[in-house]
Amino acid sequence: MQSVTSSGSSQRSTPRRTLLIIGGAEDRIGRSVVLKRFVKLAGGRHSHIVVIPTASSFALEVSEAYSDVFTRLRGGEVSVVHPTTRRESGDPDMVAALDAATGIFITGGSQVKLAQNIVGTPVGDAIVRAYDRGAVVAGTSAGASIMSRYMISLGEEGLTPRQRASQISAGLGLVEDVIIDQHFDQRGRYGRLMSMVAASPNLLGMGIDENTAAEIRDATVMSVIGAGAIFVVNARNAITDAPDARRGAPLLVSGAVVHTLPTGSTFDLQHVELTAFVERHPDIEGAVVPAKVRAARSTSSSAAH
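First residue of the sequence shown? That's 1326 in the working numbering, and the numbers climb one at a time after it.
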């Protein structure tokens, strides 16, 4: 019988777990910086990408759009898993497709649909398994919210946090102790995220702008890519009247620590602190602004002259 000669050769290396959490409306027709990063993390030409359009009311169109862009970005095989009920989420073929995936992409739409049809089902369990074995799991908009243990499924928008202005549902739990909101700047969701962390100060609030992504490695190290920024709020030592405020009343939140993290930021989620920053703003216009927007600006500039 062959003996083990070294601990290094006898131990299996732990796979790196990677999430790509996107704030929605990511560039699909220009340089597609965020989606290109997903394809690379999934294995490029050797990837097996599974698109989950369950949150969308236009699942067929959404599936075709992402399949086209992943093919354009030189991804490998692309397939679709689309359970429309909890019963369908037990389909062995769907589970097998996810078990073979190197990258999983959950599209936008309704968070409630995802909570109802995926969380706690065999399909949901397969997504968690894929993450644990090293497949990259990405989600945009509603697909971003479902990454956390608890997600904002409904809520009022605006800058002022108000008591009971939002509703939470169970998510996949791929990232712990964080609650995620998306379309953050564009839809003015500061207030509802603050109200969530005021009521549950053990949770970090994370608001992600459109065409912006948090790449989270091993649940602790977050890098920011894309056109906007990520807002992180830590209310663990804040003073709040959340236990006493009436429904709809403005909330007191005093002493929360906020971080606004543009592309080039690296952030430690465990210690809640910035660990590195590389200034990248000079290149951001050409890198992440969609081609249609750049073309419209160019046309307007030419007309003005």
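All C-beta atoms, glycine included, are put in the ideal place defined by N, C-alpha and C.
The structure presented is a predicted model; accordingly, all values stated were derived computationally and were not measured.
Express the C-alpha separation of arginine 1487 and histidine 1508 in angstroms, rounding to a whole number. In the sequence shown, counting from the first residue as 1, residue 1508 sits at position 183. In the sequence shown, counting from the first residue as 1, residue 1487 sits at position 162. Answer to the nearest angstrom: the Cα atoms are 19 Å apart.
Looking at the unbroken beta strand (DSSP E) that takes in glycine 1415, where does it start and where does it end? Here residue 1415 corresponds to residue number 90 of the sequence shown, with the count starting at 1. Careful: glycine 1415 lies outside any beta strand (DSSP E) and carries neither H nor E.
Which value, in whole angstroms, describes the spacing of the CA atoms of arginine 1561 and glycine 1468? Taking the first residue of the sequence shown as position 1, residue 1561 is located at position 236. Taking the first residue of the sequence shown as position 1, residue 1468 is located at position 143. The alpha-carbon atoms of arginine 1561 and glycine 1468 are separated by roughly 26 Å.
Excluding the 5 residues flanking aspartate 1534 on each side, which residues of the same chain have their C-beta closer than 6 Å to its C-beta? Along the sequence shown, read from residue 1 onward, the residue named residue 1534 stands at position 209. So the list reads Gly1348, Phe1509, Asp1510, Gly1553, Ala1554, once near-sequence residues are dropped.
Take arginine 1489 as the anchor and find which of Phe1602, Ser1404, Asp1593, Ser1478 has the nearest alpha-carbon. If you number the sequence shown from 1, residue 1489 lands on position 164. Residue Ser1478 is the option with its Cα nearest to arginine 1489.
Which value, in whole angstroms, describes the spacing of the CA atoms of serine 1520 and leucine 1385? Walking along the sequence shown from the start, residue 1520 turns up at place 195. Walking along the sequence shown from the start, residue 1385 turns up at place 60. Serine 1520 and leucine 1385: Cα-Cα distance of roughly 36 Å.
In its own chain, which residues sit with a C-beta less than 7 Å from the C-beta of leucine 1345, not counting the 5 before and 5 after it? By 1-based counting over the sequence shown, the position of residue 1345 is 20. These residues qualify, in order along the chain: Arg1362, Phe1363, Leu1366, Val1461, Ala1463, Ala1538, Glu1540.
Shortest alpha-carbon distance to isoleucine 1354 belongs to which of Ile1377, Phe1383, Leu1398? The count along the sequence shown starts at 1 and reaches residue 1354 at position 29. Ranking the options by Cα distance to isoleucine 1354, first place goes to Leu1398.
Which residues DSSP lists as bridging histidine 1373, in chain order: One-based indexing of the sequence shown puts residue 1373 at position 48. Its beta-bridge partners are Glu1402.
Do isoleucine 1452 and leucine 1423 have their C-beta atoms within less than 8 Å of each other? On the sequence shown, position 127 is the one that residue 1452 refers to. On the sequence shown, position 98 is the one that residue 1423 refers to. Yes; because the gap between Cβ atoms is below 8 Å, this pair is in contact.
Taking buried to mean at least 16 other C-beta atoms within 10 Å of its own C-beta, is aspartate 1506 buried or exposed? Along the sequence shown, one-based indexing puts residue 1506 at 181. That one is buried.
Considering glycine 1468, what are the terminal residues of the alpha helix (DSSP H) in which it resides? Sequence index remark: in the sequence shown, residue 1468 carries index 143 (1-based). Its alpha helix (DSSP H) spans residues 1467-1470.
Which same chain residues end up closer than 6 Å to glutamate 1403 when comparing Cβ atoms and leaving out the 5 residues on each side of it in sequence? Looking up residue 1403 in the sequence shown gives position 78. A small fix is needed here, since residue 1403 is valine in this sequence, not glutamate. Counting only Cβ-Cβ distances below 6 Å, and skipping sequence neighbours, we find Ile1374, Ser1392, Phe1395.
Between the alpha carbons of histidine 1584 and phenylalanine 1383, how many angstroms are there, rounded? Along the sequence shown, read from residue 1 onward, the residue named residue 1584 stands at position 259. Along the sequence shown, read from residue 1 onward, the residue named residue 1383 stands at position 58. The straight-line gap from Cα to Cα measures roughly 35 Å.
Excluding the 5 residues preceding and the 5 following alanine 1581 in the sequence, name in chain order all residues of the same chain whose CB lies nearer than 6 Å to its CB. Position 256 of the sequence shown holds residue 1581. Val1558, Ala1560, Ala1563.
Taking arginine 1517 as the reference, give the member of Ser1579, Ile1493, Glu1481 with the closest Cα. Residue mapping note: residue 1517 aligns to position 192 of the sequence shown, counting from 1. For arginine 1517, the nearest C-alpha among the options comes from Glu1481.
Compare the Cα-Cα distances from arginine 1356 to each of Gly1551, Leu1594, Val1597 and report the closest residue. Position 31 of the sequence shown, counted from the first residue, corresponds to residue 1356. Ranking Gly1551, Leu1594, Val1597 by Cα distance to arginine 1356 puts Gly1551 first.
Under the assumption that valine 1448 contacts serine 1494 (Cβ atoms under 8 Å), give the Cβ distance between them as a whole number of angstroms. To locate residue 1448, count along the sequence shown from 1; it is residue 123. To locate residue 1494, count along the sequence shown from 1; it is residue 169. Their Cβ separation, rounded to whole angstroms, is 17 Å, which puts valine 1448 and serine 1494 out of contact at 8 Å.
Which residues share a DSSP beta bridge with methionine 1476? Taking the sequence shown and counting its residues from 1, the one referred to as residue 1476 is at position 151. DSSP lists Ser1494 as partners of methionine 1476.
Does arginine 1337 pass the burial test, meaning 16 or more other C-beta atoms within 10 Å, or should it be called exposed? As a working note, residue 1337 is residue 12 in the sequence shown. Legend: pLDDT at arginine 1337 = 49, less than 50; position of this residue unreliable, value from coordinates given subsequently. By the neighbour-count rule (16 or more Cβ atoms within 10 Å), arginine 1337 is not buried but exposed.
Tell me which residue opens and which closes the beta strand (DSSP E) that isoleucine 1452 is part of. For the purposes of this step, residue 1452 is taken as residue 127 along the sequence shown, with counting starting at 1. Taken as a continuous stretch (DSSP letters only), isoleucine 1452 belongs to no beta strand (DSSP E), being part of the alpha helix (DSSP H) at 1447-1458.
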